[in-house]
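K.L.:
The structure that follows is given in the form of structure tokens.
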Amino acid sequence: MKTSQIPFRTLREAPAEAIIASHQLMMRADLIRKLGNGLYTYMPLGLKAYRKLEQIIKEELDASGAMEFKPTVVVPGDIWKESGRWDTMGPQMLKAQNRQQQDMVVSPTAEEAYTAIMRQGLTSYKQLPINCYQINTKYRDEIRPRYGVMRGREFNMMDGYTLNEDDESLDKSYKAYAAAYLRIFKRAGLTVIPVKADTGAMGGSGSEEFMVESDIGDDTLIICPDCGYAANVEKASCKQDAAVDNDGKPQVKTDKAIEEVATPNVFSIEDMEKFFNSTPKTFIKALVYRVINSSLDLSGAPYCKDLKTKTEGAITFYPVSYVCVLIRADLEVNEAKLAGVLKASEVVLAEDEEIRAIAGAPHGFVGPVTVKCPILQDLSVNDMHDAIAGSGKEGFHIKHVEPERDYSAWMNADVRTVKPGDMCPNCGGIFYSRKGNELGHIFKLGKKYTESMGVTYLDKNGKAAVPTMGCYGIGVDRVLASIVERFHDDKGIMWPMSIAPYQVAIVPIKYKDAMKEASDTLYEQLSKAGIQVLLDDRDERPGVKFNDMDLIGFPVRITVGDKNLPNVEIKLRASDNAAELVPLESAAARVADIVHAELAKLCAE
46 MKTSQIPFRT LREAPAEAII ASHQLMMRAD LIRKLGNGLY TYMPLGLKAY RKLEQIIKEE
106 LDASGAMEFK PTVVVPGDIW KESGRWDTMG PQMLKAQNRQ QQDMVVSPTA EEAYTAIMRQ
166 GLTSYKQLPI NCYQINTKYR DEIRPRYGVM RGREFNMMDG YTLNEDDESL DKSYKAYAAA
226 YLRIFKRAGL TVIPVKADTG AMGGSGSEEF MVESDIGDDT LIICPDCGYA ANVEKASCKQ
286 DAAVDNDGKP QVKTDKAIEE VATPNVFSIE DMEKFFNSTP KTFIKALVYR VINSSLDLSG
346 APYCKDLKTK TEGAITFYPV SYVCVLIRAD LEVNEAKLAG VLKASEVVLA EDEEIRAIAG
406 APHGFVGPVT VKCPILQDLS VNDMHDAIAG SGKEGFHIKH VEPERDYSAW MNADVRTVKP
466 GDMCPNCGGI FYSRKGNELG HIFKLGKKYT ESMGVTYLDK NGKAAVPTMG CYGIGVDRVL
526 ASIVERFHDD KGIMWPMSIA PYQVAIVPIK YKDAMKEASD TLYEQLSKAG IQVLLDDRDE
586 RPGVKFNDMD LIGFPVRITV GDKNLPNVEI KLRASDNAAE LVPLESAAAR VADIVHAELA
646 KLCAE
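Quick note, the sequence shown lines up with residues 46 to 650 if you use my numbering.
Right, here's the structure in full:
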């Protein structure tokens with residue numbers, strides 16, 4: 046390909062809205078152009094890089110035993126109502142109606158579509174597992190799309206799904222996808238960290254994210270340096286540390302009765318520390334949460350007998366409920382964990398009026414003894430004794446509180462936010478944290494969708510059974526942007542050999558006479574050798590050509606100039622070494638060896 050055949054224009058400066066390297070460089074190199082807020086078009090050079098990444102994904106998934114299929118982007122709203130996610134998915138889901146007033150959805154994800162499609166042909170256990178993937182367009186109405194294709198409204202995802210006979214089969218599929226992911230990211234030049242993750246709105250029994258360390262990452266990773274434990278902060282657990290008194294000794298039970306203490310102008314934990322002259326590890330913090338769309342059975346929970354339920358498909362949930370979370374005062378509630386425990390789409394701190402109605406007092410004075418909603422107690426409170434807590438009356442706290450003696454928790458669960466310095470639950474190592482970006486995610490969905498959408502088959506005994514399900518996703522655009530984030534310098538992008546739009550750029554100082562003849566010869570030789578090569582035949586100054594080739598990031602540049610002929614210069618974009626002067630007759634072979642060696646390195650086990 047010659048540059049004169051490609052419609053591209055490079056920019057000296059990035060648009061003001063582009064604040065991260067990948068967004069800036071992809072815009073400046075004309076890999077993408079903005080069409081609307083959160084909507085980007087891949088231009089020819091950008092699309093070539095995208096297609097290469099896509100092809101790597103397909104090759105590795107095909108090799109793992111998965112088969113590609115292609116559902117539509119617009120799907121019936123009825124299948125989302127079957128699964129119970131029509132309302133719970135929230136405003137990020139773009140809904141529409143067709144001319145028959147049927148509800149339709151522009152797919153934000155494809156669990157419902159896959160389940161609805163595959164149930165049509167499923168009759169026997171002999172057909173399982175069914176393992177298919179797609180690479181398709183998705184749309185989520187992000188409130189604040191940003192960072193170019195890293196977080197756009199329209200984006201491209203690889204979604205893989207398996208229907209499995211049992212948990213053992215699901216585990217095999219899950220591990221096969223995990224292994225394929227590691228190969229995909231290695232071939233793309235990226236080092237990823239598999240971490241335990243929250244299942245979120247997807248539901249299911251377990252999940253794992255594949256993260257890349259990044260200063261602009263949306264996620265916080267909690268990592269143990271000793272045993273390699275790694276988890277997203279939304280899912281991370283830690284070894285429980287003992288609740289201690291002011292002398293650093295474990296707290297002991299007290300026989301003293303609860304005593305009410307007037308605490309005027311004491312609202313925050315810091316205020317309490319000063320007033321009681323005590324460590325916050327002796328305080329029980331009580332927070333009232335509004336719980337949205339909980340599918341947990343609350344029929345036997347305290348104060349919940351009159352709660353209203355709603356049913357969509359086979360899913361029954363509580364649109365609104367409340368819970369009082371108790372946690373040691375030096376710790377913070379992890380709302381993602383809390384939502385997961387309650388099987389809720391969202392949890393938010395209750396408003397002042399709601400808190401007063403439920404707790405009889407404003408925030409800061411809420412207490413476990415008088416609150417009129419279920420109590421969810423974090424594990425950190427389990428070994429607390431002789432504690433201080435809110436009284437349920439404004440301006441007062443209580444001391445000598447004994448959990449289980451003075452109140453009963455409806456549920457005990459780990460809802461603590463883990464932080465650097467906490468101890469690893471596996472080996473006791475001290476955690477550190479890093480920022481990260483999620484590139485891929487695998488889920489053990491279990492029967493969340495197959496049960497709600499009525500998927501059955503005949504098992505080995507001829508009885509009706511419900512298959513279990515796995516889900517596996519890679520954000521293709523996000524991976525591409527992450528490659529640029531990882532591989533760039535002040536001149537531009539430095540593509541890995543496997544992803545570069547072209548592996549080699551031939552740059553004649555002037556495309557005429559002997560330089561044109563030499564450039565054309567190299568172009569023909571490299572093309573015949575299977576090397577993807579771009580010939581810069583523009584009538585531009587050499588500096589403009591060099592700057593554009595560096596900005597776009599072609600791995601190898603061959604410079605053809607009158608002064609050096611019959612030799613040419615070979616320069617590696619990612620190397621600080623000086624250009625290598627090579628005879629023209631051996632240059633193509635030399636460059637082909639470089640390309641093949643780099644590709645082999647990326648593909649090596």
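Positions of the beta carbon are idealized from the N, C-alpha and C atoms, including for glycine.
Owing to the predicted nature of the structure, the values given are computational and were not obtained by experimental measurement.
#1: How many Å lie between D132 and M202 at the Cα?
#2: Going by Cα to Cα distance, which pick from Q142, M112, P364, S323 is closest to R130?
#3: In terms of residues, what are the limits of the alpha helix (DSSP H) holding K573?
#4: Give me, in chain order, the residues of the same chain whose beta-carbon lies closer than 8 angstroms to that of M468; leave out the 5 immediate sequence neighbours on both sides.
#5: Have a look at L92 and R78 and give me their C-alpha separation to the nearest angstrom.
#6: Counting only the same chain and skipping the five closest in sequence on each side, list residues whose C-beta sits under 7 angstroms from that of L98.
#7: Decide if S67 is buried, meaning its Cβ has at least 16 other Cβ atoms within 10 Å, or exposed.
#8: I'd like to confirm the pairing. Which residues does DSSP put opposite P611 in its beta bridges?
#9: Can you name the start and end residues of the alpha helix (DSSP H) that V589 belongs to?
#10: Specify, as a first and last residue, the run of the beta strand (DSSP E) that F441 falls within.
#11: Under the DSSP definition of a beta bridge, which residues are partnered with R335?
#12: Closest to V627 by CA distance: which of S620, D621, V636 is it?
#13: Report the partner residues of R479 according to the DSSP bridge assignment.
#14: Does DSSP put K330 in a helix, in a strand, or in coil?
#15: Would you list, in sequence order, the uninterrupted alpha helix (DSSP H) runs of no fewer than 4 residues that lie entirely inside the region 487 to 569?
#16: Could you tell me which residues DSSP pairs with V460 in its beta bridges?
#17: With DSSP as the reference, label R78 as helix, strand or coil.
#18: Three-state secondary structure (DSSP) at I238?
#19: Going by beta-carbon coordinates alone, are I528 and Q548 separated by less than 8 angstroms?
#20: Let's test the definition: count the other Cβ atoms within 10 Å of the Cβ of V589 and tell me whether it reaches 16, buried, or not, exposed.
#21: Mapping the DSSP letters down to three states, classify G248 as helix, strand or coil.
#22: Only counting the same chain, and skipping five residues up and downstream in sequence, which positions put a Cβ closer than 6 angstroms to that of Y274?
#23: I need the DSSP call for T48, collapsed to helix, strand or coil.
#24: Nearest to I267 by alpha carbon, out of K280, S259, F255?
#25: Measuring only the C-alpha atoms, how far is M88 from P512?
#26: Distance, Cα to Cα, K353 vs D123?
#27: Identify every residue that forms a DSSP beta bridge with K183.
#28: Quick one: grab the DSSP three-state call for M134.
#29: With a cut-off of 8 angstroms, do at least 3 Cβ pairs link the region 477 to 496 to the region 305 to 320?
#30: When you compare each of L644, E630, K608, M149 to V601 by their alpha carbons, which one comes out closest?
#31: For A276, which of helix, strand or coil comes out of DSSP?
#32: Under 8 angstroms between the Cβ atoms of T501 and M514?
#33: Classify P611 as buried or exposed, calling it buried when 16 or more other Cβ atoms lie within 10 Å of its own Cβ.
#34: Could you check what DSSP says for M317 in three-state terms: helix, strand or coil?
#35: Less than 8 angstroms separating the beta-carbons of C418 and Y452?
#36: Taking the beta carbon of E254 as the centre, do at least 16 other beta carbons fall within 10 Å, making it buried, or is it exposed?
P.N.:
Well, looking at it:
#1: Along the sequence shown, one-based indexing puts residue 132 at 87. Along the sequence shown, one-based indexing puts residue 202 at 157. Taking the Cα positions, D132 is about 23 angstroms away from M202.
#2: Numbered from 1 along the sequence shown, position 85 holds the residue referred to as residue 130. Checked all of Q142, M112, P364, S323; the closest Cα to R130 is P364.
#3: The residue given as residue 573 occupies position 528 in the sequence shown. Unbroken alpha helix (DSSP H) run through K573: 558 to 573.
#4: Along the sequence shown, one-based indexing puts residue 468 at 423. For M468, where only same-chain residues beyond five positions count, the Cβ hits under 8 angstroms are C283, K284, D286, G474, I475, F476.
#5: Position 47 of the sequence shown holds residue 92. Position 33 of the sequence shown holds residue 78. Going by the C-alpha atoms only, they are around 11 angstroms apart.
#6: Indexing the sequence shown from 1 puts residue 98 at position 53. A233, V521, V524, L525, I544, listed in sequence order.
#7: Taking the sequence shown and counting its residues from 1, one reaches residue 67 at position 22. Per the 10 Å Cβ criterion, buried.
#8: Sequence index remark: in the sequence shown, residue 611 carries index 566 (1-based). Answer by DSSP bridge pairing: none, since P611 is not bridged.
#9: For the purposes of this step, residue 589 is taken as residue 544 along the sequence shown, with counting starting at 1. Looking at the DSSP string, the run of the alpha helix (DSSP H) that includes V589 is 587 to 597.
#10: Your numbering for residue 441 matches position 396 in the sequence shown. Element bounds for F441: 441 to 446.
#11: Working through the sequence shown from its first residue, we reach residue 335 at position 290. DSSP, once it has assigned bridges, lists Y367, V393 as partnering R335.
#12: Residue mapping note: residue 627 aligns to position 582 of the sequence shown, counting from 1. Selected option, being the one with the closest Cα: V636.
#13: Translated into the one-based positions of the sequence shown, residue 479 becomes position 434. For R479, which the question treats as bridged, DSSP gives the partners L266.
#14: Along the sequence shown, read from residue 1 onward, the residue named residue 330 stands at position 285. Here K330 sits in strand by DSSP.
#15: 493 to 497, 521 to 531
#16: Here residue 460 corresponds to residue number 415 of the sequence shown, with the count starting at 1. The partner list for V460 (beta bridge, DSSP) is empty, contrary to what the question assumes.
#17: One-based indexing of the sequence shown puts residue 78 at position 33. Three-state result, R78: strand.
#18: Here residue 238 refers to the residue found at position 193 of the sequence shown. If DSSP states are grouped into helix, strand and coil, I238 belongs with the strands.
#19: The residue given as residue 528 occupies position 483 in the sequence shown. The residue given as residue 548 occupies position 503 in the sequence shown. Their beta carbons are not under 8 angstroms apart, which means I528 does not touch Q548 by this criterion.
#20: Counted from its first residue, the sequence shown places residue 589 at position 544. By the neighbour-count rule (16 or more Cβ atoms within 10 Å), V589 is not buried but exposed.
#21: Sequence index remark: in the sequence shown, residue 248 carries index 203 (1-based). Only weak support is given to the placement of G248: the predicted model assigns it a pLDDT of 45, under 50, and the value that follows is read from those uncertain coordinates. Here G248 sits in coil by DSSP.
#22: Along the sequence shown, read from residue 1 onward, the residue named residue 274 stands at position 229. Excluding positions up to five away in sequence, the list reads C469, N471.
#23: Stepping through the sequence shown from its first residue, residue 48 is reached at position 3. Note: T48 maps to helix in three-state DSSP.
#24: As a first step, residue 267 must be located in the sequence shown, where it is residue number 222. Among K280, S259, F255, the Cα nearest to that of I267 is on K280.
#25: Here residue 88 corresponds to residue number 43 of the sequence shown, with the count starting at 1. Here residue 512 corresponds to residue number 467 of the sequence shown, with the count starting at 1. Using only the alpha carbons, I get a separation of about 42 angstroms.
#26: For the purposes of this step, residue 353 is taken as the residue at position 308 of the sequence shown. For the purposes of this step, residue 123 is taken as the residue at position 78 of the sequence shown. Note on geometry: alpha-carbon atoms of K353 and D123 lie some 23 angstroms from one another.
#27: Residue mapping note: residue 183 aligns to position 138 of the sequence shown, counting from 1. Answer is F200.
#28: Locating residue 134 in the sequence shown gives position 89, counting from the first residue. Note: M134 maps to coil in three-state DSSP.
#29: The region 477 to 496 makes no contact with the region 305 to 320; the number of CB pairs closer than 8 angstroms stays below 3.
#30: Along the sequence shown, read from residue 1 onward, the residue named residue 601 stands at position 556. Ranking L644, E630, K608, M149 by Cα distance to V601 puts L644 first.
#31: Locating residue 276 in the sequence shown gives position 231, counting from the first residue. If DSSP states are grouped into helix, strand and coil, A276 belongs with the strands.
#32: Mapped onto the sequence shown, residue 501 falls at position 456. Mapped onto the sequence shown, residue 514 falls at position 469. Cβ atoms of T501 and M514: not closer than 8 angstroms.
#33: Walking along the sequence shown from the start, residue 611 turns up at place 566. P611 should be labelled exposed.
#34: Position 272 of the sequence shown, counted from the first residue, corresponds to residue 317. Of the three classes helix, strand and coil, the one that applies to M317 here is helix, per DSSP.
#35: Residue numbering aside, residue 418 sits at position 373 when the sequence shown is read from its first letter. Residue numbering aside, residue 452 sits at position 407 when the sequence shown is read from its first letter. Not in contact: C418 and Y452 (Cβ atoms no closer than 8 angstroms).
#36: The sequence position of residue 254 within the sequence shown is 209, counting from 1. Buried: at least 16 other Cβ atoms inside 10 Å.
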